[in-house]
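Visitor: Attaching a single structure in structure tokens format; questions to follow.
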Amino acid sequence: MWEGIYIGVTTAVMPFNLLMLFVGCFAGTFIGMLPGLGPVSAVALMIPITYGLDPSSGIILMAGVYYGAVFGGSTSSILINAPGCASTVVTAFDGYPMAQRGQAGKALALAAYSSFVGGTIGAIFLIFFAPMLATVSLSFQSSDYFALMVLGLTAVAAFAGKGNILKALMMCVLGLMLSTVGTDRSNGVERFTFGSIEFIDGLSFLLLAMATFALAEVVMSVMNKSTDAQQSKVNNTSSLGSMKLTKAEIKKVAPTVVRSSVLGFVVGVLPGAGATIAAFLAYGVERNFASAKDKLGFGKGSLRGLAAPEAANNAASTGSFVPLLTLGIPGSGTTAVMLGALIASGIQPGPQLFIDHPDVFWSVIVSMYLGNVVLLILNLPLIPYIAKLLEVPRPILIPLILFFSLTGVYLVSFNAFDIQVMVIICIAAIGLKLLDFPLAPMLLGFILGGMLEDNLRRALLIHDESMSFLWERPLTAVIMTIAMLALFGQPLLNFIRSKVGQRKEQDVFDSE
Amino acid sequence: MYMTIAKNRIGGLIFLALSLAYGYSTTLIPMYPGDEYEVFTAKTLPAVLAIIGVILSLALLFGSRDEQKSELPKLDWVIAAKLMALMVAYGLVLEFLGFLIATTLFLICGYWLLGERRKTLMFFCSLPLVTVFWYGLTQLLGIYLAPGAVLQWMGV
């Protein structure tokens, strides 16, 4: 392991990679601060740049952008009550009231310190758990991978929230359907190309990611008048107040930060859960832990209420790299985009990554930590200036983002037809968003589709064309059971509860 | 304009139509001789997906008990349509006008569509910026960008 860390450190501190880290953190913070654009969009916008870099520099850049965007999201949550992404919604609960009291500087500092501790604890856990899981997963067979992918897809749906499970599942299926467009990899048959040569290679992942997460988000923000109003609030952030925390305050939030970091990491490792659920969970747990008097302060500018989600979402962002790096299965929309970018640059994340590309594996882990340091020592003092960048008029900013998205795709394929396809996908994505369909599961389905089909085909070949591996191979059976529980557990519980409730009502009625 | 729409119904119907069309297209996938004896062919996964798609959309259509009637937010559709048209136009003229001219025009039109009227700002945020970008790509990164049919005709 120490040898690995050494490889990681030497790769990550190479001047060019350090530069990528700085650029990534800075660009991520900026994009993350723009209302409506979150980490997924930020990472998607970086993909075309990573194509020209070697894989470790590319993933270092994307990792920097990832936590930069999460940090940027917190900043806009605190300063203008407009979370850049879902995982920082909770940050606004207590961060914005603090800013309204004139303690914006303190809130930003606390958010940065909590994120730093969350990221540090997450990185330490990652160093220990990732290689362990990678070693274990070397014994995984195709059937286990198939089951893991099913788990990944069902878990995303299961964590989509009440009422959205069905829609998230539908989006997973849509992603899988889109992944089948093009030439079948095993026997060369063309599927769903409708005779067009443009679709023979299938849909480009980059095109899909950019159209759904960069273009659609930007066009939606233009369509939505309220974001303009939020934007105008940015101009009032010139005075942030003191950024210092007192010893008593640090003492008060320290246990919260540690607790939330551990919780955040564990939630982040679960496929599908991710930073948003970690932040909400940590906030809820802290409120339950708080004394009756402290409980009243939650939602009105409580320090613990701000520190908990910040530590948790950063630790979860780090945690979500565990399934990505060790199993090759992304746990969230952002890691799904990263997986696609890695595959495009010729690297297949998974247990072999640890052996074949130790430099990529370890440099990501080390750069995670360095990224947190960069955010703390560079971004925090620079926040007032980065906030100034947001004063660039939106009529200038929006066409520039559109231009970067379009040329990003064009510069990879050099096919102007892709721009038209992007516009069509963008229109479809806007329609889906208006109908409340989540888009991240679609991207996950699209990325996992090819691998899922390959592994299922191989598993069937190995097991004499019988599906018996689903119940005969213990590991596969266990993973499939977890997947089914993730999917049907909650509805089943609800059903049992309602039945028990009905019976109790009946008993009461009978006794009367 | 406020519209009251049962989003789940519409979503379910669209997805049902999509799944049925996908299922029909699955039947058009060509097969090799002998494929009928194989358990897993190029049609297998698409067929399974089409069936799951139909089941899920029916579940959404008939399964949502609560009358989920919600209002669409107030959105500016005109500006979205204009931006889309601008992007389509950019895609159409990119290879004809070349990267430099097409992108400069795209940016200026984009700024103008979104309400920017300061000519100096519009100029400095388009041509110089695109030129720097183009220089970086072609000269520093060595990426070849075709000069565009128009410039070739003019012999540039």
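Quick mapping for you: the protein sequence lines, in order, are chains F and H.
Be aware that the first sequence starts at -11, since it is given in the working numbering, and climbs by one per residue.
Be aware that the second sequence starts at 445, since it is given in the working numbering, and climbs by one per residue.
By construction, the Cβ of each residue, glycine as well, lies at the ideal position given by its N, Cα and C atoms.
#1: Between the C-alpha atoms of V354 of chain F and G293 of chain F, what's the straight-line distance to the nearest angstrom?
#2: Alpha carbon to alpha carbon, how far is S305 of chain F from L440 of chain F? Give it in angstroms, no decimals.
#3: Please determine, among F:F483, F:L448 and F:G252, the residue with the shortest C-alpha to C-alpha distance to Q129 of chain F.
#4: For N223 of chain F, would you say it is in contact with chain H, using Cβ-to-Cβ distances shorter than 8 Å as the test?
#5: Exposed or buried, what is V488 of chain F when buried is set at 16 or more other beta-carbons lying within 10 Å of its beta-carbon?
#6: Roughly how many angstroms separate the alpha carbons of M8 of chain F and F18 of chain F, rounded to a whole number?
#7: Name the chain F residues that come within less than 9 Å of Y399 of chain H, Cβ to Cβ?
#8: Would you kindly work out how many angstroms separate the C-alpha atoms of P71 of chain F and G83 of chain F, rounded to a whole number?
#9: Which parts of the segment 479 to 539 of chain H are runs of the beta strand (DSSP E), unbroken and 3 residues or longer, counting only runs that do not cross its ends?
#10: Only counting the same chain, and skipping five residues up and downstream in sequence, which positions put a Cβ closer than 6 Å to that of A474 of chain F?
#11: Determine the burial state of V31 of chain F: buried for a count of at least 16 other Cβ atoms within 10 Å of its Cβ, exposed for fewer.
#12: What does the alpha-carbon distance come out to for the pair G16 of chain F and Y54 of chain F?
#13: Using the rule of at least 16 other Cβ atoms within 10 Å of the residue's Cβ for burial, across every protein chain shown, is K94 of chain F buried or exposed?
#14: Ignore the nearest five residues each way along the sequence and tell me which others in Y133 of chain F's own chain have a CB closer than 6 Å to its CB.
#15: Classify R461 of chain F: buried if its beta carbon has 16 or more other beta carbons within 10 angstroms, exposed otherwise.
#16: At a CB distance below 9 Å, what residues from the segment 544 to 558 of chain H approach chain F? Give them in sequence order.
#17: What residues in its chain sit with their C-beta under 8 Å from that of F10 of chain F, if we drop five residues either side in the sequence?
#18: Would you give the residue range spanned by the beta strand (DSSP E) that A303 of chain F belongs to?
#19: Tell me the rounded alpha-carbon separation between P383 of chain F and K281 of chain F.
#20: In chain F, which residues lie with their C-beta within 9 Å of the C-beta of Q580 of chain H?
#21: So F180 of chain F packs on S469 of chain H, CB below 8 Å; how close in whole Å?
#22: Please look up how many angstroms separate the CB atoms of F268 of chain F and G110 of chain F, rounded, as I've assumed it's under 8 Å.
#23: Could you please tell me which residues of the segment 378 to 395 of chain F, in chain order, have their CB closer than 8 Å to any CB of chain H?
#24: By the criterion of Cβ-Cβ separation under 9 Å, what are the contact partners of F180 of chain F in chain H?
#25: Give a yes or no on whether the minimum CB-CB distance between R445 of chain F and chain B is below 8 Å.
#26: Report the neighbours of M598 of chain H on chain F: residues whose CB is nearer than 9 Å to its CB, in chain order.
#27: Could you check which residue in F:G107, F:G20 and F:Q88 has the C-alpha nearest to that of A57 of chain F?
#28: Tell me, to the nearest whole angstrom, how far the beta carbon of F391 of chain F is from that of T564 of chain H; I am working on the premise that it is less than 8 Å.
#29: When DSSP labels each residue in this structure, what does R561 of chain H get in the three-state scheme?
#30: Where does R275 of chain F fall in DSSP's three states?
#31: List, from N- to C-terminal side, the beta strand (DSSP E) runs of 3 residues or more that fit wholly inside the segment 416 to 497 of chain F.
#32: Suppose contacts are defined by Cβ-Cβ distances below 8 Å. Is P243 of chain F in contact with A270 of chain F by that definition?
#33: Which of helix, strand or coil does DSSP assign to E178 of chain F?
#34: Measuring straight from C-alpha to C-alpha, what distance separates A266 of chain F and C73 of chain F?
#35: Which whole-angstrom value is the C-beta distance of V207 of chain F and C414 of chain F, which I expect to be below 8 Å?
#36: Does chain F have any CB closer than 8 Å to the CB of F506 of chain H?
Guide: Taking the geometry as given:
#1: One-based indexing of the first sequence puts residue 354 of chain F at position 366. One-based indexing of the first sequence puts residue 293 of chain F at position 305. Using only the alpha carbons, I get a separation of about 29 Å.
#2: Here residue 440 of chain F refers to the residue found at position 452 of the first sequence. Here residue 305 of chain F refers to the residue found at position 317 of the first sequence. Answer to the nearest angstrom: the Cα atoms are 25 Å apart.
#3: The count along the first sequence starts at 1 and reaches residue 129 of chain F at position 141. Just measuring C-alpha positions, the residue of F:F483, F:L448 and F:G252 sitting nearest Q129 of chain F is F:L448.
#4: Working through the first sequence from its first residue, we reach residue 223 of chain F at position 235. Reliability fails at N223 of chain F, whose pLDDT of 49 lies under 50, so the model's placement of it is uncertain and the value that follows must be treated cautiously. Interface residue (Cβ-Cβ distance to chain H less than 8 Å): N223 of chain F is not classified as such.
#5: Within the first sequence, the letter at position 500 stands for residue 488 of chain F. With fewer than 16 neighbouring CB atoms inside 10 Å of its own CB, V488 of chain F falls in the exposed class.
#6: Stepping through the first sequence from its first residue, residue 8 of chain F is reached at position 20. Stepping through the first sequence from its first residue, residue 18 of chain F is reached at position 30. Going from the Cα of M8 of chain F to the Cα of F18 of chain F covers about 15 Å.
#7: No statement about residue 399 of chain H is possible, as the shown extent of chain H runs from 445 to 600 and does not include it.
#8: Looking up residue 71 of chain F in the first sequence gives position 83. Looking up residue 83 of chain F in the first sequence gives position 95. Going by the C-alpha atoms only, they are around 11 Å apart.
#9: Annotation: the segment 479 to 539 of chain H contains the following complete segments of the beta strand (DSSP E) (minimum length 3 residues), in chain order: 513 to 515.
#10: In the first sequence, counting from the first residue as 1, residue 474 of chain F sits at position 486. Within the same chain, and ignoring the five residues on either side of A474 of chain F in sequence, the residues whose Cβ sits closer than 6 Å to its Cβ are T142, A143 and A146.
#11: One-based indexing of the first sequence puts residue 31 of chain F at position 43. In the assembly as shown, V31 of chain F is a buried residue. Its beta-carbon has 16 or more other beta-carbons within 10 Å.
#12: Walking along the first sequence from the start, residue 16 of chain F turns up at place 28. Walking along the first sequence from the start, residue 54 of chain F turns up at place 66. Roughly 6 Å separates the two Cα atoms.
#13: Locating residue 94 of chain F in the first sequence gives position 106, where the first residue counts as 1. For K94 of chain F, the number of other beta carbons within 10 angstroms of its own is at least 16, and it is reported as buried.
#14: The residue you call residue 133 of chain F lines up with position 145 of the first sequence. For Y133 of chain F, where only same-chain residues beyond five positions count, the Cβ hits under 6 Å are N443.
#15: The residue you call residue 461 of chain F lines up with position 473 of the first sequence. Label assigned to R461 of chain F: buried.
#16: Considering only beta carbons, the part of the segment 544 to 558 of chain H lying closer than 9 Å to chain F consists of T547, F550, L551, I552, C553, G554, Y555, W556, L557 and L558, in chain order.
#17: On the first sequence, position 22 is the one that residue 10 of chain F refers to. Once the five neighbours on either side are set aside, the close Cβ partners of F10 of chain F are G52, V362 and L366.
#18: Translated into positions along the first sequence, residue 303 of chain F becomes position 315. Not the beta strand (DSSP E): A303 of chain F falls in the alpha helix (DSSP H), residues L291 to G307.
#19: Mapped onto the first sequence, residue 383 of chain F falls at position 395. Mapped onto the first sequence, residue 281 of chain F falls at position 293. Our two residues, P383 of chain F and K281 of chain F, have alpha carbons roughly 47 Å apart in a direct line.
#20: By one-based count along the second sequence, residue 580 of chain H stands at place 136. Note on residue identity: the sequence assigns Gly, not Gln, to residue 580 of chain H. Within chain F, not a single residue places a beta-carbon under 9 Å from that of G580 of chain H; the smallest gap is close to 11 Å.
#21: Position 192 of the first sequence, counting from 1, holds the residue named residue 180 of chain F. Position 25 of the second sequence, counting from 1, holds the residue named residue 469 of chain H. With 8 Å as the limit, F180 of chain F and S469 of chain H qualify as a contact, their Cβ atoms being about 6 Å apart.
#22: Sequence index remark: in the first sequence, residue 268 of chain F carries index 280 (1-based). Sequence index remark: in the first sequence, residue 110 of chain F carries index 122 (1-based). Incorrect: roughly 17 Å between the Cβ atoms, too far for contact.
#23: Answer in chain order: P381, R382, P383, I384, I386, P387, L388, L390, F391, L394 and T395.
#24: As a first step, residue 180 of chain F must be located in the first sequence, where it is residue number 192. Result: Y466, S469, T470, L472, I473 and P490.
#25: The structure shown contains no chain B; its protein chains are F and H.
#26: Stepping through the second sequence from its first residue, residue 598 of chain H is reached at position 154. Chain-ordered listing is empty here: chain F has no CB closer than 9 Å to the CB of M598 of chain H, the nearest sitting near 20 Å.
#27: Within the first sequence, the letter at position 69 stands for residue 57 of chain F. Looking at the Cα atoms, F:G20 is the closest of the given residues.
#28: To locate residue 391 of chain F, count along the first sequence from 1; it is residue 403. To locate residue 564 of chain H, count along the second sequence from 1; it is residue 120. For a cut-off of 8 Å, the C-beta gap from F391 of chain F to T564 of chain H is around 19 Å, too long to register as a contact.
#29: By 1-based counting over the second sequence, the position of residue 561 of chain H is 117. Of the three classes helix, strand and coil, the one that applies to R561 of chain H here is coil, per DSSP.
#30: For this step, residue 275 of chain F is matched to residue 287 along the first sequence. DSSP places R275 of chain F in helix when its eight states are reduced to three.
#31: Taking only runs of at least 3 residues, no beta strand (DSSP E) segment lies wholly in the segment 416 to 497 of chain F.
#32: Here the question's residue 243 of chain F lines up with position 255 in the first sequence. Here the question's residue 270 of chain F lines up with position 282 in the first sequence. Pairing P243 of chain F with A270 of chain F gives a Cβ-Cβ distance that is not under 8 Å.
#33: The count along the first sequence starts at 1 and reaches residue 178 of chain F at position 190. Note: E178 of chain F maps to strand in three-state DSSP.
#34: Translated into positions along the first sequence, residue 266 of chain F becomes position 278. Translated into positions along the first sequence, residue 73 of chain F becomes position 85. For A266 of chain F and C73 of chain F, the gap between their C-alpha atoms comes out near 14 Å.
#35: Position 219 of the first sequence holds residue 207 of chain F. Position 426 of the first sequence holds residue 414 of chain F. Rounded to whole angstroms, the Cβ separation of V207 of chain F and C414 of chain F is 6 Å, and the two are in contact under 8 Å.
#36: As a first step, residue 506 of chain H must be located in the second sequence, where it is residue number 62. Cβ-Cβ to chain F under 8 Å: no for F506 of chain H.
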